[in-house]
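Novice:
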Amino acid sequence: MTHFLALVLFSLLVSIAFATLSSEHRTTAERIKYGAKVFGYFVGIGFLIAWVLYPLPL
Numbered sequence: 041m042t043h044f045l046a047l048v049l050f051s052l053l054v055s056i057a058f059a060t061l062s063s064e065h066r067t068t069a070e071r072i073k074y075g076a077k078v079f080g081y082f083v084g085i086g087f088l089i090a091w092v093l094y095p096l097p098l
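What follows is the structure, encoded as structure tokens:
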């Protein structure tokens, strides 16, 4: 499993949990939109952190 696949899998599972447990989003459509937004934020922030940390020496 690559790091990217692990990031996507983690993001997917957490966004599903957040959308399911969210109490402020009442309808299914609102929960799906919220889950998709959270998923995008997780993946986007993961790429941003990777981009910032890439030039650092190992």
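The numbering used here applies: residue 41 is where the sequence shown begins, and numbers increase by one.
The beta carbon of each residue, even a glycine, is placed where N, CA and C say it ideally should be.
Note that this is a predicted model, so its numbers are computed, not measured.
(1) Under 7 Å between the Cβ atoms of L51 and F79?
(2) What's the call for A90, buried or exposed, on a 16-neighbour Cβ count within 10 Å?
(3) Return the residue from the list V83, P97, L98 and L93 that minimises the CA-CA distance to L47.
(4) In the DSSP assignment, find the alpha helix (DSSP H) that holds S55 and state where it starts and stops.
Specialist: The short version:
(1) Going by the sequence as given, residue 51 is Ser instead of Leu. Taking 7 Å as the Cβ cut-off, S51 and F79 qualify as a contacting pair.
(2) Under this definition A90 is an exposed residue.
(3) Comparing Cα positions, the closest option is V83.
(4) Under the DSSP assignment, S55 falls in the alpha helix (DSSP H) whose first and last residues are H43 to L61.
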